[in-house]
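Worksheet: one structure, shown below.
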Ligand code: ADP
Ligand code: MG
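Numbering (my numbering), first residue to last: 1 to 681.
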């Protein structure tokens with residue numbers, strides 16, 4: 001049996017079934033086998049109603065008192081009833097399933113499978129699956145009452161699926177294995193892929209179902225980690241310009257700074273300078289919370305490369321941020337004879353500037369990611385710095401490599417900076433090929449940011465007086481809204497409407513707005529005015545999210561805060577508290593009950609803590625942040641399972657150093673796909 005064979009080669013799959021399976025995305029034997037149960041139902045363990053507890057339950061009982069009504073406000077139909085067994089009774093509710101009212105015979109027993117939970121102060125079983133007890137029991141005889149439930153996709157029925165798998169049963173023994181001997185049998189019970197897949201489909205109890213999943217999770221992590229290990233190996237084969245570490249130069253710039261570097265900044269700079277000396281390209285991630293001072297670390301390392309006669313490029317995700325970086329890098333580096341230029345969409349004298357870059361008159365080019373794709377040519381680019389790395393896609397980084405390696409045969413050293421820390425488990429699993437420096441220390445004298453969740457109905461009493469107290473001290477305010485214009489279909493507060501409203505409330509202060517659809521020149525103008533203190537309240541979309549640095553702005557209000565991810569809110573909040581004054585951030589919501597995310601933010605300003613918290617609040621296999629836009633999300637493995645990750649990691653490393661991928665063609669293919677997704681070099 002070949003996994004790439006068409007499903008039509010499976011016994012019992014005729015043209016009609018094939019068509020149905022195709023519609024559900026199942027084309028090959030492999031697709032079929034990996035179409036795994038979503039969950040299992042255990043009919044051997046029903047809950048007596050007198051002993052019911054909140055959570056997932058299977059109940060056997062009769063149903064009565066069914067009534068259907070419509071709600072006027074949200075236009076729902078609600079069907080309610082009572083389920084009884086011989087011990088007690090509970091309430092059952094279905095939403096928008098009016099046929100339920102006529103589905104049941106009140107004299108017959110049914111199995112109800114679903115979640116028993118608190119809803120608006122009352123316990124109920126909500127939208128359970130219901131099946132005639134006699135039907136279930138007939139089937140249960142065959143498989144001990146434990147049976148898989150397959151995800152329902154378009155036309156395919158769970159029953160059809162079970163039948164096909166049943167006829168495939170004898171063929172499981174012929175499924176080839178994917179992984180080399182890894183000792184995985186010590187860790188997961190099935191020990192082989194064929195064993196795991198068989199167990200997943202024909203599990204007889206919870207323990208078997210779990211063992212099967214564990215093996216598949218191991219397999220998935222092994223592939224992912226091996227891919228990043230191989231990326232690392234390939235990166236080491238590339239050649240790069242060696243940049244000597246000249247201590248005297250570094251000492252000079254460090255002593256020119258207005259402040260003392262933190263120890264973390266010193267260590268990170270040292271690690272980078274050491275990497276730059278090597279003949280293989282650096283591939284390093286600098287993780288440091290918002291405000292930890294990553295820019296100056298980048299500036300010092302850039303100076304080292306420029307002193308050695310090379311060019312450096314710094315990429316920022318937005319034009320506003322690029323402009324700001326160009327400004328502060330000029331201030332830091334021009335005294336050392338460095339020519340810094342900003343190359344962004346709004347730069348007018350482009351041709352002249354491009355010439356200067358091409359013939360090496362410009363040493364440090366700051367720009368947006370357009371730099372990667374446009375026709376800008378460098379004389380000798382040896383070092384690329386990417387700020388807010390998580391904002392860039394893999395493809396863009398790939399382009400960078402193509403652009404430079406193709407021309408010179410040399411790869412640039414790469415420093416990626418991020419204020420969105422990658423949790424350790426994810427680091428190990430996905431980015432094992434990166435070297436990491438961490439700024440885990442804020443510059444001295446920073447005041448913590450106080451964060452408060454606030455309901456919009458309380459603005460008058462609890463927010464406006466605070467805003468006034470900041471304005472009176474001549475401190476500035478960011479007011480973040482999700483939308484630009486009002487949309488009659490949504491309740492979301494818009495920038496334009498909010499700016500108008502605040503203009504009326506805070507009459508004696510300058511209120512302005514900013515959003516991504518304004519012309520670049522307009523945006524620059526507003527940003528300039530805000531930075532120089534001519535605007536008191538800046539109502540803005542998230543265009544100010546990353547990197548923007550206005551130390552006199554110490555208050556932030558985020559409207560409709562529930563609509564953002566944790567990482568994004570943390571980034572936004574990082575715009576305040578950048579000076580020596582106490583800062584505040586209000587997370588505004590229209591909801592009565594704030595989300596868990598908001599509560600975590602209220603509790604902590606530590607980016608590393610929040611990254612872990614976010615990982616826990618997300619699905620277990622969802623890759624953190626916007627890193628890969630779902631393409632990399634894990635199906636079986638959980639990023640919270642550090643033990644499994646560590647185990648798979650050591651197995652993959654062993655294989656990367658001693659195994660030969662050519663002996664495992666199927667594995668090699670999976671790995672190739674992952675390598676393309678995870679490569680950061
Ligand atoms: P981020 O890590 O968020 O990019 P920045 O590099 O923008 O942080 O730095 C934030 C602010 O802190 C800047 O105004 C910068 O000049 C200042 N800064 C950086 N390092 C130090 C330090 N060691 N001591 C005091 N201020 C510092
Ligand atoms: Mg920054």
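C-beta atoms are modelled at their ideal positions from N, C-alpha and C, and glycine is treated no differently.
Straight-line Cα distance separating residue 672 from residue 628: What you label residue 628 is simply residue 628 of the chain shown in a count that begins at 1. What you label residue 672 is simply residue 672 of the chain shown in a count that begins at 1. Legend: pLDDT at residue 628 = 44, less than 50; position of this residue unreliable, no value from coordinates given.
Cβ-heavy atom distance, residue 294 to ligand 2, below 7 Å: The residue you call residue 294 lines up with position 294 of the chain shown. True, at least one ligand heavy atom lies under 7 Å from that Cβ.
State the CB to CB distance for the pair residue 353 and residue 364, rounded to an integer number of angstroms; the pair is presumed to be in contact (CB under 8 Å). Working through the chain shown from its first residue, we reach residue 353 at position 353. Working through the chain shown from its first residue, we reach residue 364 at position 364. The Cβ separation is near 13 Å, so there is no contact.
Give the DSSP-derived three-state secondary structure of residue 441 in the structure shown. Locating residue 441 in the chain shown gives position 441, counting from the first residue. If DSSP states are grouped into helix, strand and coil, residue 441 belongs with coil.
Can you tell me where the beta strand (DSSP E) with residue 148 in it begins and where it stops? Residue 148 sits at position 148 when you count from the first residue of the chain shown. 146–149 is the span of the beta strand (DSSP E), which, as asked, contains residue 148.
Give the C-beta separation of residue 380 and residue 310 to the nearest angstrom, bearing in mind that I take them to be a contact with Cβ-Cβ under 8 Å. As a first step, residue 380 is located in the chain shown; it is residue number 380 there, counting from the start. As a first step, residue 310 is located in the chain shown; it is residue number 310 there, counting from the start. At roughly 5 Å, the Cβ-Cβ gap stays under 8 Å, so residue 380 and residue 310 are in contact.
Under a three-way DSSP split, which group does residue 469 fall into? Position 469 of the chain shown holds residue 469. Here residue 469 sits in helix by DSSP.
Looking only at DSSP bridge pairs, what is residue 3 linked to? Translated into positions along the chain shown, residue 3 becomes position 3. Note: residue 3 sits in no beta bridge, so no partner.
Mapping the DSSP letters down to three states, classify residue 56 as helix, strand or coil. Residue 56 sits at position 56 when you count from the first residue of the chain shown. Three-state result, residue 56: strand.
On the DSSP letters alone, give me the boundaries of the alpha helix (DSSP H) that residue 598 sits inside. Translated into positions along the chain shown, residue 598 becomes position 598. Its alpha helix (DSSP H) spans residues 596–603.
Tell me whether residue 355 sits in a helix, a strand or coil according to DSSP, three-state version. Position 355 of the chain shown, counted from the start, is the residue given in the question as residue 355. Note: residue 355 maps to helix in three-state DSSP.
Going by C-alpha distance, which of 587, 647, 72 and 658 is nearest residue 218? Along the chain shown, read from residue 1 onward, the residue named residue 218 stands at position 218. For the residues 587, 647, 72 and 658, the minimum Cα distance to residue 218 belongs to 647.
So is residue 201 buried or exposed if we call it buried at 16+ other beta carbons inside 10 Å? In the chain shown, counting from the first residue as 1, residue 201 sits at position 201. With 16 or more Cβ atoms within 10 Å of its Cβ, residue 201 is classed as buried.
Residues in its own chain within less than 6 Å of residue 360 by CB, not counting five upstream and five downstream? Taking the chain shown and counting its residues from 1, the one referred to as residue 360 is at position 360. Once the five neighbours on either side are set aside, the close Cβ partners of residue 360 are 379.
Express the C-alpha separation of residue 474 and residue 579 in angstroms, rounding to a whole number. The count along the chain shown starts at 1 and reaches residue 579 at position 579. The count along the chain shown starts at 1 and reaches residue 474 at position 474. Cα-Cα distance, rounded: 14 Å.
Closest residue to residue 180 among 660, 670, 674 and 675 (Cα-Cα distance): Walking along the chain shown from the start, residue 180 turns up at place 180. Considering only alpha carbons, the answer is 660.
Measure the C-alpha to C-alpha separation of residue 614 and residue 297 and round it to an integer number of angstroms. Here residue 614 refers to the residue found at position 614 of the chain shown. Here residue 297 refers to the residue found at position 297 of the chain shown. The straight-line gap from Cα to Cα measures roughly 27 Å.
Pick from 593, 478, 618 and 507: whose alpha carbon is nearest that of residue 550? In the chain shown, counting from the first residue as 1, residue 550 sits at position 550. Closest option to residue 550, Cα to Cα, is 478.
Where residue 257 falls, given that 16 or more other Cβ within 10 Å makes a residue buried: Within the chain shown, the letter at position 257 stands for residue 257. Counting Cβ neighbours within 10 Å, residue 257 comes out exposed, since fewer than 16 surround it.
Shorter than 7 Å, the distance from the beta carbon of residue 265 to the closest heavy atom of ligand 1, or not? As a position in the chain shown, residue 265 is number 265, starting the count at 1. Residue 265: yes, Cβ under 7 Å from ligand 1.
Is it true that the CB of residue 414 sits closer than 8 Å to the CB of residue 520? Position 520 of the chain shown, counted from the first residue, corresponds to residue 520. Position 414 of the chain shown, counted from the first residue, corresponds to residue 414. No, the pair does not count as a contact, with Cβ atoms beyond the cut-off.
Report the residue from 38, 259, 27 and 19 whose alpha carbon sits nearest the alpha carbon of residue 636. For this step, residue 636 is matched to residue 636 along the chain shown. When each option's Cα is compared against that of residue 636, the closest is 38.
Give me the Cβ distance between residue 78 and residue 71, rounded to the nearest whole Å; I'm assuming they're in contact under 8 Å. Mapped onto the chain shown, residue 78 falls at position 78. Mapped onto the chain shown, residue 71 falls at position 71. That pair is a contact at about 6 Å.
Whole-angstrom distance between residue 366 and residue 565, CA atom to CA atom: The sequence position of residue 565 within the chain shown is 565, counting from 1. The sequence position of residue 366 within the chain shown is 366, counting from 1. One C-alpha to the other measures close to 29 Å.
Can you give the beta carbon distance from residue 656 to residue 238, rounded, assuming they're within the 8 Å contact cut? In the chain shown, the residue the question calls residue 656 occupies position 656. In the chain shown, the residue the question calls residue 238 occupies position 238. With a Cβ gap of about 17 Å, residue 656 and residue 238 do not count as contacting.
Tell me, please, whether the CB atom of residue 550 is closer than 8 Å to any CB atom in chain C? Although the question refers to chain C, the structure presented lacks it and comprises just one protein chain.
How is residue 341 classed by DSSP in three states: helix, strand or coil? On the chain shown, residue 341 is found 341 positions in, with the first residue counted as 1. DSSP places residue 341 in strand when its eight states are reduced to three.
Spatial distance of residue 194 from residue 173 (CA atoms): Working through the chain shown from its first residue, we reach residue 194 at position 194. Working through the chain shown from its first residue, we reach residue 173 at position 173. Answer to the nearest angstrom: the Cα atoms are 7 Å apart.
First and last residue of the uninterrupted beta strand (DSSP E) at residue 513: For the purposes of this step, residue 513 is taken as residue 513 along the chain shown, with counting starting at 1. Unbroken beta strand (DSSP E) run through residue 513: 511–514.
What residue from 313, 318, 299 and 312 has the CA that sits closest to residue 331's CA? Locating residue 331 in the chain shown gives position 331, counting from the first residue. For the residues 313, 318, 299 and 312, the minimum Cα distance to residue 331 belongs to 299.
Report all residues from its chain with a CB closer than 7 Å to the CB of residue 462; omit the five preceding and five following residues, and keep chain order. Counting from 1 along the chain shown, the entry for residue 462 is found at position 462. Excluding residues within five positions, the ones whose Cβ falls inside 7 Å are 454.
Verify the contact flag: residue 387, CB atom, against every heavy atom of ligand 2, threshold strictly below 7 Å. To locate residue 387, count along the chain shown from 1; it is residue 387. Correct: residue 387 has its Cβ closer than 7 Å to ligand 2.
Tell me, which residues are paired with residue 645 by DSSP? The residue you call residue 645 lines up with position 645 of the chain shown. In DSSP, residue 645 forms no bridge with anything.
Could you pull the start and end residues of the alpha helix (DSSP H) that residue 254 belongs to? As a position in the chain shown, residue 254 is number 254, starting the count at 1. 247–256 is the extent of the alpha helix (DSSP H) around residue 254.
Less than 8 Å separating the beta-carbons of residue 146 and residue 2? Position 146 of the chain shown, counted from the first residue, corresponds to residue 146. Position 2 of the chain shown, counted from the first residue, corresponds to residue 2. No, they are not a contact pair.
Can you tell which of 417, 126 and 337 has its C-alpha closest to the C-alpha of residue 292? Looking up residue 292 in the chain shown gives position 292. Of the candidates 417, 126 and 337, the one whose C-alpha sits nearest the C-alpha of residue 292 is 417.
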